Amino acid sequence: MKKKWLLRFSALALSLLTVTACGADESTSEPTKEQEGEQTPQASSDGEVVEIFSWWTGAGEEDGLLALIDLFEEQYPDITVENAAVAGGAGTNAKAVLTSRIQGNDPPGTFQVHGGAELNDSWVAAGQMEPINDLYEQEGWMDKFPQDLIELVSKDGDIYSVPVNIHRSNVLWYNTAIFEEHGLEVPTTFDEFFAVAEELQSKGVTPLALGDREPWTASHLLENVLLGVLGADNYSALWTGERSFDDPSVVEAVEIFGEMLNYVNEDHSSRNWQDAAQLVANGEAAMNVMGDWAKGYFVNDLNLTVKEDFGWVPTPGTEGSFMVITDTFGLPKGVSNPETVKQFLAVLGSVDGQDAFNPLKGSIPARVDADLSKYDVYGQETIEDFNNGELAPSLAHGSAASEGVVTQFNQAINIFVTQRDVNQFVDSVKMAIER
Ligand code: BGC
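Counting with mature numbering (1 follows the signal peptide of the UniProt record, and there is no 0), you get residues -24 to -1, 1 to 411 for the letters of the sequence shown.
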């Protein structure tokens, strides 16, 4: 059951290099700690430099990466890490920069890429990645990562990247004080969600925080409504073409999503994901649907306490399901120092690397033998849920469908949020999937 969607996705090769910039917004670029001078990269005496390309900059995103870089530099003092991060949630800007670098034969040493279609149908299918089976053998990793994950980073029997984490998409975060003050139970079904939202709105509290200045956050919310309405198997079947996107259950989910938009903050289109999560942190909104990088943000940047200041439940209707996102790093073809890149990947895939990165990032380790004592109650419960849950691939974060479909989905949802035309939305996504 659990593996079904993974097998379907490894058989899929939807499109080649169709990565396009989506809503690129340079104004979102904040200086990274490195750009601010904390870790200015300089060539070491023997000139070895490894360039790490990601979109982990700023609040809630950067701490885990910097901890991983510190660990690597401790182990390899003669190699300098160049942190080439490009700001913008979910890779909004980074993916466009990466595409142009690879098309210009200037690949970074290694780059952040979601396991699943984003890796396999774009970069691997286009012949841009080196297989790294030898690294997995050398490091003894074949039984250290769940088989499901190894399949997600493999194509035609070869392995192409190393997962640094597992993020969960289907999490509803809530402000505990607001629920206590109003004597409300946290919703686990759509009916409960709308009853609670109505009550909160009547008391002048914003029920649901949304920040869709970058449209992927609206896609993120909708993918979880789809999962809640369809269940893991039927949801997964949408992206393989086994279930048509104009199925009545999809129409129902989009209608529910549209109804939810009646309960979001008015300024949603000018906020990013951190700004929306902050509304919940500050007690200005009751709930927010976001991946568990929000937990890293709440705890490490806003100093909130898990289960006291904020709590979480699976998004409505998704109890027992786990919408999977995995950030991975591989070896692009054409880099000048493949052995150095592999040294970095070896640290990233080690127990110490994963345990330095994930407690700060909000994610759980991709390895099965990480040190559980390093994870808080959220992390420990999430590891349990991952092991027992029905897994489903995230669309908004690249596992379910090619980058071309994701880009068109984001464009269609951006239009839907203002126009609320269910049929138009469904038709345009259906066409994108069929193409
Ligand atoms: C990535 C996360 C990241 C989030 C927000 C997701 O696509 O997988 O690592 O924190 O985007 O930028």
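Cβ atoms here follow ideal geometry from the backbone N, Cα and C, with glycine treated the same way.
Please read all numbers here as calculations on a predicted model, not as lab measurements.
Review point. Candidates E94, G92, G91 and K71: which alpha carbon is nearest P83's?
Key: Here residue 83 is taken as the residue at index 107 of the sequence shown, counted from 1. P83 has its Cα closest to that of K71, out of E94, G92, G91 and K71.
Practice item. Give a yes or no on contact between the segment 265 to 283 and the segment 32 to 40, applying the rule of three or more CB pairs nearer than 8 Å. Key: Counting Cβ pairs under 8 Å, three or more are found: they touch.
Practice item. Grab me the residues of G67's own chain with a C-beta within less than 6 Å of its C-beta, minus the 5 sequence neighbours each way, in chain order. Key: Locating residue 67 in the sequence shown gives position 91, where the first residue counts as 1. Within the same chain, G67 has close Cβ partners W31.
Review point. Using the rule of at least 16 other Cβ atoms within 10 Å of the residue's Cβ for burial, across every protein chain shown, is R411 buried or exposed?
Key: Taking the first residue of the sequence shown as 1, we reach residue 411 at position 435. R411 comes out exposed.
Check your understanding: Distance, Cα to Cα, A408 vs I45?
Key -> In the sequence shown, counting from the first residue as 1, residue 408 sits at position 432. In the sequence shown, counting from the first residue as 1, residue 45 sits at position 69. Per the coordinates, the alpha-carbon of A408 lies some 39 Å from the alpha-carbon of I45.
Point to revise | Reference N345; option with closest CA among E94, M118, D54 and V89 | key: If you number the sequence shown from 1, residue 345 lands on position 369. With the sequence shown as reference, residue 345 is identified as Asp, and Asn is not the correct amino acid for it. The shortest C-alpha separation from D345 is found at M118.
Practice item. Indicate the three-state DSSP secondary structure (helix, strand or coil) for R351 in the structure shown. Key: As a first step, residue 351 must be located in the sequence shown, where it is residue number 375. Sequence check: residue 351 is Tyr here, not Arg. Coil, per DSSP.
Check your understanding: So what's H158 in DSSP terms, helix, strand or just coil?
Key -> If you number the sequence shown from 1, residue 158 lands on position 182. Judged by DSSP in its simplified three-state form, H158 adopts coil rather than helix or strand.
Review point. So is S145 buried or exposed if we call it buried at 16+ other beta carbons inside 10 Å?
Key: One-based indexing of the sequence shown puts residue 145 at position 169. Buried, because 16 or more other Cβ atoms sit within 10 Å of the Cβ of S145.
Exercise for review: Provide the residue span of the beta strand (DSSP E) that contains V398, from first to last.
Suggested key: Taking the first residue of the sequence shown as 1, we reach residue 398 at position 422. DSSP places V398 in no beta strand (DSSP E) but in the uninterrupted alpha helix (DSSP H) bounded by V398 to E410.
Check your understanding: Can you name the residues that DSSP bridges to W149?
Key -> The residue given as residue 149 occupies position 173 in the sequence shown. In DSSP, W149 forms a bridge with N264 and W288.
Review point. Are there 16 or more other CB atoms within 10 angstroms of the CB of N96, so buried, or fewer, so exposed?
Key: Numbered from 1 along the sequence shown, position 120 holds the residue referred to as residue 96. Flag for N96 reads buried.
Review point. Near K283, which residues of its chain fall below 7 Å by C-beta distance, leaving aside the five closest residues on each side in sequence?
Key: Counting from one through the sequence shown, the residue named residue 283 turns up at place 307. Taken in chain order, the residues that qualify are V353.
Exercise for review: Rounded to whole angstroms, what's the CA-CA distance from S137 to A322? Just pull it up for me.
Suggested key: As a first step, residue 137 is located in the sequence shown; it is residue number 161 there, counting from the start. As a first step, residue 322 is located in the sequence shown; it is residue number 346 there, counting from the start. About 11 Å.
Exercise for review: Pick out the complete alpha helix (DSSP H) segments inside the segment 77 to 147, 4 residues or longer, and give them in chain order.
Suggested key: The segment 77 to 147 is shown to contain whole alpha helix (DSSP H) runs of 4 or more residues at 109 to 114 and 123 to 128, in chain order.
**Study point:** 3 or more residues per run - each beta strand (DSSP E) lying fully within the segment 177 to 247
**Key:** Runs of beta strand (DSSP E) with 3 or more residues, each lying fully within the segment 177 to 247, are found at 182 to 185, listed in chain order.
Point to revise | Exposed unless 16 or more other CB atoms sit within 10 angstroms - verdict on A262 | key: The residue you call residue 262 lines up with position 286 of the sequence shown. By the Cβ-count criterion, A262 is buried, with 16 or more other Cβ atoms from all chains shown falling within 10 Å of its own Cβ.
Practice item. Within the segment 292 to 353, note down every full alpha helix (DSSP H) run reaching 4 residues or more, in order along the chain. Key: The qualifying runs are 314 to 324 and 327 to 337.
Check your understanding: In chain order, what residues of the same chain have a beta carbon less than 6 Å from the beta carbon of F87, not counting five sequence neighbours either side?
Key -> Indexing the sequence shown from 1 puts residue 87 at position 111. Within the same chain, F87 has close Cβ partners F29 and L74.
Check your understanding: How many whole angstroms separate the CB atoms of F233 and V402, which I take to be in contact at a CB cut-off of 8 Å?
Key -> The residue given as residue 233 occupies position 257 in the sequence shown. The residue given as residue 402 occupies position 426 in the sequence shown. Between F233 and V402 a beta carbon distance of about 11 Å is seen, past the 8 Å cut, so the two are scored as non-contacting.
**Study point:** Exposed unless 16 or more other CB atoms sit within 10 angstroms - verdict on G65
**Key:** Here residue 65 is taken as the residue at index 89 of the sequence shown, counted from 1. The residue is buried, with at least 16 neighbouring Cβ atoms inside 10 Å.
Practice item. Report back the beta-carbon spacing between E58 and G325 to the nearest angstrom; my notes put them in contact at under 8 Å. Key: Within the sequence shown, residue 58 is the residue found at index 82, counting from 1. Within the sequence shown, residue 325 is the residue found at index 349, counting from 1. Contact doesn't hold; Cβ gap of about 20 Å is too wide.
Exercise for review: Indicate the three-state DSSP secondary structure (helix, strand or coil) for N59 in the structure shown.
Suggested key: Along the sequence shown, read from residue 1 onward, the residue named residue 59 stands at position 83. Here N59 sits in strand by DSSP.
**Study point:** Residue interval of the alpha helix (DSSP H) (run including E38)
**Key:** Residue numbering aside, residue 38 sits at position 62 when the sequence shown is read from its first letter. For E38, the uninterrupted alpha helix (DSSP H) segment begins and ends at E38 to Q51.
**Study point:** Which listed residue (V398, V311, V382 and E295) has its alpha carbon closest to that of D361
**Key:** On the sequence shown, residue 361 is found 385 positions in, with the first residue counted as 1. The alpha carbon of D361 has as its nearest neighbour, out of V398, V311, V382 and E295, the alpha carbon of E295.
Exercise for review: State the DSSP-derived secondary structure class of L367, mapped to helix, strand or coil.
Suggested key: Position 391 of the sequence shown, counted from the start, is the residue given in the question as residue 367. L367 falls in the strand class under three-state DSSP.
Practice item. Find the nearest neighbour of Q254 within the set M236, D285, N313 and G329, judged by alpha-carbon distance. Key: One-based indexing of the sequence shown puts residue 254 at position 278. When only C-alpha atoms are compared, the closest one is D285.
Point to revise | Reduced DSSP secondary structure (H/G/I, E/B, other) of E27 | key: As a working mapping, residue 27 is identified with position 51 in the sequence shown. When DSSP states are grouped into helix, strand and coil, E27 belongs to the strand group.
Check your understanding: Just the Cα atoms here: how many angstroms apart are A43 and D188?
Key -> The sequence position of residue 43 within the sequence shown is 67, counting from 1. The sequence position of residue 188 within the sequence shown is 212, counting from 1. For A43 and D188, the distance between alpha carbons rounds to 29 Å.
Exercise for review: Using a threshold of 8 Å, state whether the C-beta atoms of H90 and G267 are closer than that.
Suggested key: Within the sequence shown, numbered from 1, the residue matching residue 90 stands at position 114. Within the sequence shown, numbered from 1, the residue matching residue 267 stands at position 291. No.
Exercise for review: Compute the distance between the beta-carbons of A229 and I389, then report whether it is under 8 Å.
Suggested key: Taking the sequence shown and counting its residues from 1, one reaches residue 229 at position 253. Taking the sequence shown and counting its residues from 1, one reaches residue 389 at position 413. In terms of Cβ geometry, A229 and I389 do not form a close pair [threshold 8 Å].
Check your understanding: Which residues, in chain order, sit with a beta-carbon under 5 Å away from any heavy atom of ligand 1?
Key -> Output, sorted by chain position: G65, A66, W269, I301, D303 and H373.
Check your understanding: Just curious, the alpha helix (DSSP H) that F385 is in, first and last residue?
Key -> Within the sequence shown, the letter at position 409 stands for residue 385. Here the alpha helix (DSSP H) through F385 covers E379 to Q395.
Check your understanding: Between the segment 201 to 215 and the segment 362 to 371, do at least 3 Cβ pairs fall closer than 8 Å?
Key -> Output reads yes: the segment 362 to 371 touches the segment 201 to 215.
Check your understanding: Would V405 be called buried (16 or more neighbouring beta carbons within 10 Å of its own) or exposed?
Key -> To locate residue 405, count along the sequence shown from 1; it is residue 429. V405 should be labelled buried.
Point to revise | Cβ-Cβ separation, N141 to S339 (assumed contact under 8 Å), whole Å | key: Looking up residue 339 in the sequence shown gives position 363. Looking up residue 141 in the sequence shown gives position 165. Cβ atoms of S339 and N141 come within 8 Å of each other, at about 4 Å.
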